[in-house]
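>
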Amino acid sequence: LFIVASAILKFTYKGRLQAEVQAKKASATAEAEQLKRQVVEARMAAMQAQVEPHFLFNTLASIDHLIETDPPRASQMQKNLIALLRASMPTMREANSNGAPRDLAREMAVIRPYLEILKVRMEDRLTTEIDVPEGLRSAAFPPMMLQGLVENAIKHGLEPKPEGGELAIKAEIVHGKLNVTVADTGLGFGRAATAGTGVGMANVRERLQ
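Rendered as structure tokens:
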């Protein structure tokens with residue numbers, strides 16, 4: 007009985023040690039994943055801080071020019087800028103705080119005025135097609151991710167192309183999952199003189215993972 011009891015105690019103690027080791031490993035993995043996510047979110051916030059002033063200054067310069075040449079278009083562009091800022095400011099704060107997903111409707115509230123402003127600046131060189139069904143707009147979606155993809159498509163795909171092209175945004179359910187596509191008819195990856203470092207797309211992939 008003593009031998010059996012000793013064996014049981016030894017086995018139980020060994021199992022407890024293994025459980026503690028596994029718990030520590032799981033905790034370390036969770037902390038590493040959380041740290042990795044925070045790093046990705048910080049990168050996204052830093053990229054956003056670089057992109058927004060450039061876009062804002064260009065838009066204000068365009069409004070200033072249109073005030074003299076086409077006041078109605080200047081007024082419409084100003085309204086779109088106000089709508090963009092009103093929609094994007096809370097989204098940026100949320101993304102910088104904890105990265106909690108927002109819904110697709112909030113992201114589209116940023117994208118629509120952004121594209122309208124670019125249409126004024128690029129004129130006939132930019133056409134857009136948005137297919138986001140009303141029923142999918144309440145779906146959870148990571149803040150600023152859609153905006154980053156659209157900005158990437160415009161900056162590296164369509165703006166460098168002399169004749170411009172089309173940007174299409176589509177949301178649909180594929181095999182029970184939300185599938186959002188940003189596509190453009192621009193120059194293609196790596197073909198523009200403004201080709202980036204690829205960090206932006208890498209960050210998007212990391213956030214999705």
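Under my numbering, the residues of the sequence shown are numbered 7 to 215, in order.
Quick reminder that beta carbons are idealized off the backbone N, C-alpha and C, glycines included.
For my contact list, Glu113 and Leu152 are in at a C-beta cut-off of 8 Å; report their separation, rounded to the angstrom.
4 Å
> Considering only the alpha carbon of each residue, which of Ala80, Tyr120, Lys183 and Arg131 lies closest to Gly163?
Measuring C-alpha to C-alpha distances from Gly163 to each of Ala80, Tyr120, Lys183 and Arg131 identifies Arg131 as the nearest.
> Pick out whichever of Arg127, Asn158, Ala29 and Glu178 has its Cα sitting closest to the Cα of Lys140.
In the sequence as presented, Lys is not what sits at residue 140; that position holds Glu. The residue with the shortest Cα to Cα distance from Glu140 is Glu178.
> Determine the direct distance from the alpha carbon of Ser33 to that of Leu173, and round the result to whole angstroms.
43 Å
> CB-CB under 7 Å to Val138, same chain, minus the five flanking residues each way: which ones, in chain order?
Leu110, Met114, Ile175 and Ala177
> Can you tell me which of Gln24, Phe195, Lys183 and Gln82 puts its alpha carbon nearest to the alpha carbon of Val126?
Of the listed residues, the one whose Cα sits closest to Val126 is Gln82.
> Please work out which residues of its chain come closer than 7 Å, Cβ to Cβ, to Thr191, disregarding the five sequence neighbours upstream and downstream, and give them in chain order.
Gly171 and Glu172
> In this structure, how does DSSP classify Thr35 when only helix, strand and coil are distinguished?
helix
> Taking the beta strand (DSSP E) that Ile179 belongs to, which residues open and close that run?
Gly171 to Val180
> Which residues mark the beginning and the end of the alpha helix (DSSP H) in which Glu113 is found?
Leu110 to Met128
> Check each candidate in Lys167, Lys183, Pro149 and Gly182 and name the one with the smallest Cα separation from Asn209.
Pro149
> To the nearest angstrom, report how far apart Gly194 and Phe63 are at their CA atoms.
27 Å
> On a Cα-Cα basis, can you pick out the residue from Lys161, Glu135, Arg143 and Ala29 that is closest to Leu184?
Arg143
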